[in-house]
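J.:
And the structure:
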């Protein structure tokens, strides 16, 4: 039986040379004091045993000995202690914590074994050695030297050379380690070999093995192979991918630029309940979108992280990405909000965040906020780098604060910050934009003296500043210097110079720069050609511009854009024939002339008085009948240029106004300035005339698109039929009033109305989403004259500026009057608008509406979208309740009302009767006296009213008294209905007071001496019940409060409550502890809450939702009486969809605000003054 050395033996004295006694053979040593192999690659290990004390001694020897003498030292060590390193010991030593971090000494140890042949007899341990060495190199590849990958490749080659005798011992753990090590190096060929060897050995890959393989393939750039392996995880081996698997594949997609595929994998993760994207998933996708410039997607991913409750797990780099994305997407304040939220969560800030915020605020024009952030950054102790200083300098230059910018720049130099050419370029650009050209030149020379090489952008900035300052000669000199320094000129360089030279009428020099740009192979942009076309056309060289346009077509310049630029210039210079030819060229190439081009030509033709040609252009292609003599035009242009050169030499026209005027001589020899657009003449003698005439000039536009939209809005707002445009009277009127506008056809007008509806709807949806809190609804069901049931849904809300809005958001057919049908229709309407935040629904007191509210409450509770389980969802219409009360009261005098109505109806039935009644009314003092006089004048009056069949009878004195008293009684209800039905101001806050006032009035009338009033009110208030007597007793007195105003009672209680000094413990306590506002007619509750929203943030949000509640559905009902009837014969003949579009669009265009009560009263008073001759005084004097 073989013995194992467990304890180091003492050094035995070496035998003398002449000692012929044989020493015992070396003993095998193993890493552990038992026969168990505790390798991490072996399975079934119960507990880690105690390692052999020889392991640290051998490891120390390996690390201490130089590579050249390691083999000799090992042999001497083994010979001294009579040891023989077993294959198990060698494998354990290579994977020990002492040798794993040191791949090169481990490799030397492996190759210097004194008994290396023993490993070949134990292939399992040999495999373990190779796996451990590869793991060591992969773990320390950054410190193992530049040839670490080569060493790993060599080890794999040796392992492959041993063949199946070694590879058949692959186990799941060793396979995973081997694949993970090769994946770290990105050795794709060796990685695929290891995968194949594992499968041939019959090893079932685990999820860890799959993930290691995926990572290696992705790192090696073999994305398609990685996708196949990913699919095989769930199909072949039934190993479901986990979050790590998805993250690896998403990383591969992002590296390959396949962002959409990466987002599709994220969508797959969302659909699986057991998989939840982690911060690595979001961070990888955010980085990809940020790098590609798709900032909204990057921001959306960050928001999704917060919505999933990952706020505390969000890493710092994610904040850097989202702040940078928001800043670059033009949302600096949203970025600042994220920054502040990040600081509250305890996440540390860095220079990148501050720099992005400062740059964004600077670009947004918020200098104060940018500099405040800069001061905060300095106070936080973050080291300021060159990028941050550069951004600050750039911001100051953008704001024109050049002194501060230069001071900041000098401060950077003094602090030793590494300034670069970007610093200087920002300052040069700032000086140039502020007109300080000399300072810009000095700074440019200083930059060169400091050893910085200016790039093309720096030269372009300086050249642009010189050109704008009118110093084109200096700009051309810098162009030459730019060329001598070997700096590449860009198309922007040439565009600047060409534009400047043309403005100074140096046309030939400008054309030379153009030719030089083409010769150097620089492709001109559309902007470059626009500058050239303007210069050539204004100088009369139209043929040259056309030839250059033909030359540009093969270079990729968009022909339509180039044509548009030339047409614009030609129209401005009055060359309509050439402009029309270019427009025809667009049509002949199979393209449509853009609407803006046609509008531009029509405006130019109209100004020139050529209306016939303008009308022709509206409907068809313009054909030029006259021959186009290009040579004559070119000669004309050259002759015009020569004349202009002579004029320039005589007197330079330096003002920009001469870009739009031309000097001409009139009959008496005086010079005048002729407008290039309209042809008007102005005085231009600089000695006797100023520029007063210029102020009277205008360039009005004639936009057919705007006119068509305005016409459609008129049809919608004035409730006109679509065939309005085909009426001959309107056509004749517009032919004289606006001959340039052709009325659209009926079909075109219909399409225009639909477009108006679509545009207005998108605006309203966006407004509802961004600028309002909860929405309260008012709805009612109606029947049209075609027996179709329509539902009108009105949204009431208060926006962020504390303004009340009422908008009709639905007017659609419902299947019937059943509650469930109404509820489903309302649910579909809210879903179409995306409204998920609404508070109450105001409906009439009807059983069907009660069922509809129950349906909506059930739907909202299922989706958790209600407040207090929908307890406050149902609001009953106050106006409808008042109407029921009034109807009940009228029953008491129904006979009198019928008689009075019949008498009035008889008088108004014929014109002759009304004329006789007016004469009687002029002499009478009361209405009943007027009717008595009339009965004497018209015998048919009593005969008709006393008819036995259907005559109610002639009204008696008691009937007139009842009607007069009931009118006084109903007046209070009428005023109440008006006040609770307005939509221009909140009503929910005043409704309680209005009902209280009415209650006190009813209590007062109950004890009135007038029998009619007391009986009517008593029967309504003291009806028989379980806890009320049937009749009042004689000793019953009215409550003392009934003799006072309800507002005065409430005001007294509020004063008492306001006098108490309550301790402010909360926002609500603070609100109640403050003094009450004075109750006056001018008090605006919305203005109050707008001013106190910051002091009471929670209460103000509650108030905004509560004050928007409509207590009456009259806002919905009023839609049916706008201008008479909404659903008239014309609208009843339309489809329900078109009816909804017209009703809603009409409401949106008008603003939908119902006229206030005061305005209605003023109109009524004015009407009464006009009809004062027919007003009968209320005195009771006998006639």
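Numbering (full-length UniProt numbering), first residue to last: 1 to 1183.
Using N, Cα and C, we set each Cβ at its ideal position, and we do this for glycine too.
This one's a predicted model, so the numbers in the text were calculated from it and none came from an experiment.
Mind checking whether residue 842 and residue 875 have CB atoms under 9 Å apart?
T.: Against the chain shown, residue 842 aligns to sequence position 842. Against the chain shown, residue 875 aligns to sequence position 875. Yes, these two residues count as a Cβ contact at 9 Å.
J.: What are the partner residues of residue 269, as DSSP defines its beta bridges?
T.: Numbered from its first residue, the chain shown carries residue 269 at position 269. DSSP lists no partner for residue 269.
J.: Assign residue 464 to buried or exposed, taking buried as 16 or more other Cβ atoms, counted over all protein chains shown, within 10 Å of its Cβ.
T.: On the chain shown, position 464 is the one that residue 464 refers to. So residue 464 ends up on the buried side.
J.: Counting pairs of Cβ atoms below 8 Å between the segment 847 to 858 and the segment 823 to 831, do you hit three or more?
T.: Judged by Cβ distances under 8 Å, the segment 847 to 858 makes contact with the segment 823 to 831, as three or more pairs qualify.
J.: Would you kindly report the start and end of the unbroken alpha helix (DSSP H) that includes residue 335?
T.: Here the question's residue 335 lines up with position 335 in the chain shown. Unbroken alpha helix (DSSP H) run through residue 335: 332 to 344.
J.: Can you tell me the Cα-Cα spacing of residue 351 and residue 203, whole angstroms?
T.: Position 351 of the chain shown, counted from the start, is the residue given in the question as residue 351. Position 203 of the chain shown, counted from the start, is the residue given in the question as residue 203. Each residue's Cα considered, the two are about 50 Å apart.
J.: Checking the sheet assignment: what are the DSSP bridge partners for residue 476?
T.: On the chain shown, position 476 is the one that residue 476 refers to. Its beta-bridge partners do not exist; DSSP assigns none.
J.: Taking only the alpha-carbon atoms, compute the straight-line gap between residue 483 and residue 489 and give it to the nearest angstrom.
T.: One-based indexing of the chain shown puts residue 483 at position 483. One-based indexing of the chain shown puts residue 489 at position 489. Residue 483 and residue 489: Cα-Cα distance of roughly 7 Å.
J.: For residue 283, does the count of other Cβ atoms within 10 angstroms reach 16, so buried, or fall short, so exposed?
T.: Stepping through the chain shown from its first residue, residue 283 is reached at position 283. Burial call: buried.
J.: By Cβ distance below 8 Å, which residues in the same chain neighbour residue 753 in space, the five residues on each side in sequence not counted?
T.: Position 753 of the chain shown holds residue 753. Taken in chain order, the residues that qualify are 712, 715, 716, 722, 1141, 1142 and 1145.
J.: Between the C-alpha atoms of residue 800 and residue 512, what's the straight-line distance to the nearest angstrom?
T.: Here residue 800 is taken as the residue at index 800 of the chain shown, counted from 1. Here residue 512 is taken as the residue at index 512 of the chain shown, counted from 1. The alpha-carbon atoms of residue 800 and residue 512 are separated by roughly 59 Å.
J.: Using DSSP's beta-bridge definition, name the partner residues of residue 797.
T.: Translated into the one-based positions of the chain shown, residue 797 becomes position 797. DSSP lists 805 as partners of residue 797.
J.: Please name the residue in 63, 65, 101 and 55 whose C-alpha comes closest to that of residue 83.
T.: Along the chain shown, read from residue 1 onward, the residue named residue 83 stands at position 83. Closest option to residue 83, Cα to Cα, is 55.
J.: On the premise that residue 138 lies in contact with residue 184, defined as a C-beta separation below 8 Å, what is that separation, rounded to the nearest angstrom?
T.: For this step, residue 184 is matched to residue 184 along the chain shown. For this step, residue 138 is matched to residue 138 along the chain shown. With a Cβ gap of about 4 Å, residue 184 and residue 138 count as contacting.
J.: Near residue 310, what residues of its chain come up, given a Cβ to Cβ distance below 7 Å and the 5 sequence neighbours on each side ignored?
T.: The count along the chain shown starts at 1 and reaches residue 310 at position 310. Excluding residues within five positions, the ones whose Cβ falls inside 7 Å are 279.
J.: Out of 69, 77 and 383, which has the shortest C-alpha to C-alpha gap to residue 58?
T.: Position 58 of the chain shown holds residue 58. Ranking the options by Cα distance to residue 58, first place goes to 77.
J.: Counting pairs of beta carbons, one from the segment 865 to 885 and one from the segment 804 to 819, are three or more of them closer than 8 Å?
T.: No, the segment 865 to 885 does not touch the segment 804 to 819.
J.: Report back the beta-carbon spacing between residue 275 and residue 243 to the nearest angstrom; my notes put them in contact at under 8 Å.
T.: Walking along the chain shown from the start, residue 275 turns up at place 275. Walking along the chain shown from the start, residue 243 turns up at place 243. That belief holds up - the Cβ atoms of residue 275 and residue 243 are roughly 6 Å apart, short of 8 Å.
J.: Which stretch, first to last residue, makes up the alpha helix (DSSP H) that contains residue 1102?
T.: Position 1102 of the chain shown holds residue 1102. It spans 1097 to 1107 - the alpha helix (DSSP H) in which residue 1102 sits, taken as one unbroken run.
J.: Are the Cβ atoms of residue 126 and residue 162 separated by less than 9 Å?
T.: In the chain shown, counting from the first residue as 1, residue 126 sits at position 126. In the chain shown, counting from the first residue as 1, residue 162 sits at position 162. Yes, the Cβ-Cβ distance between residue 126 and residue 162 is below 9 Å.
J.: Are the beta-carbon atoms of residue 500 and residue 468 separated by less than 9 Å?
T.: Along the chain shown, one-based indexing puts residue 500 at 500. Along the chain shown, one-based indexing puts residue 468 at 468. For residue 500 and residue 468, yes; Cβs fall inside 9 Å.
J.: State the Cα-Cα distance for the pair residue 1188 and residue 510, rounded to the nearest angstrom.
T.: The question about residue 1188 has no answer, for the chain in this structure spans 1 to 1183.
J.: From the DSSP output, which residues share a beta bridge with residue 977?
T.: Taking the chain shown and counting its residues from 1, the one referred to as residue 977 is at position 977. Answer is none; residue 977 lacks a bridge partner.
J.: By the 10 Å Cβ neighbour count, where 16 or more other Cβ atoms means buried, how is residue 477 classified, buried or exposed?
T.: Along the chain shown, read from residue 1 onward, the residue named residue 477 stands at position 477. Burial call: exposed.
J.: Start and end of the beta strand (DSSP E) containing residue 1094?
T.: For the purposes of this step, residue 1094 is identified with residue 1094 of the chain shown, where counting begins at 1. Looking at the DSSP string, residue 1094 is not in any beta strand (DSSP E), and its letter there is neither H nor E.
J.: Hey, residue 1086 and residue 802 are a contact pair by Cβ (cut 8 Å); roughly how many whole angstroms apart?
T.: As a working note, residue 1086 is residue 1086 in the chain shown. As a working note, residue 802 is residue 802 in the chain shown. With 8 Å as the limit, residue 1086 and residue 802 qualify as a contact, their Cβ atoms being about 5 Å apart.
J.: Put residue 251 into one of helix, strand or coil per three-state DSSP.
T.: Your numbering for residue 251 matches position 251 in the chain shown. It is helical.
J.: Opposite residue 932 in the DSSP bridges: which residues?
T.: Taking the chain shown and counting its residues from 1, one reaches residue 932 at position 932. Paired residues: none, contrary to the question.
J.: With residue 206 and residue 171 assumed to form a contact (beta carbons below 8 Å), what rounded beta-carbon distance in angstroms separates them?
T.: Position 206 of the chain shown, counted from the first residue, corresponds to residue 206. Position 171 of the chain shown, counted from the first residue, corresponds to residue 171. So it is not a contact: roughly 11 Å between Cβ atoms.
J.: Since residue 731 is in the beta strand (DSSP E), which residue starts that stretch and which ends it?
T.: Counting from 1 along the chain shown, the entry for residue 731 is found at position 731. Per DSSP, residue 731 belongs to no beta strand (DSSP E); it is in the alpha helix (DSSP H), 728 to 737.
J.: With DSSP as the reference, label residue 918 as helix, strand or coil.
T.: On the chain shown, position 918 is the one that residue 918 refers to. Helix at residue 918.
J.: Using a Cβ-Cβ cutoff of less than 8 Å, which residues in the same chain neighbour residue 732 once the five nearest sequence positions on both sides are dropped?
T.: The residue given as residue 732 occupies position 732 in the chain shown. Same-chain partners within the cutoff: there are none.
J.: Evaluate the contact criterion for the segment 1070 to 1086 versus the segment 748 to 763: three or more CB pairs, one atom per stretch, below 8 Å.
T.: Touching, no.
J.: Smallest Cα separation from residue 709: which of 727, 758 and 682?
T.: Against the chain shown, residue 709 aligns to sequence position 709. Considering only alpha carbons, the answer is 758.
J.: Which residue's Cα is closest to the Cα of residue 795: 261, 312, 1110 and 355?
T.: Here residue 795 refers to the residue found at position 795 when the chain shown is read from its first residue. Among 261, 312, 1110 and 355, the Cα nearest to that of residue 795 is on 1110.
J.: Do residue 444 and residue 422 count as a contact pair if the criterion is CB distance below 9 Å?
T.: What you label residue 422 is simply residue 422 of the chain shown in a count that begins at 1. What you label residue 444 is simply residue 444 of the chain shown in a count that begins at 1. No, they are not a contact pair.
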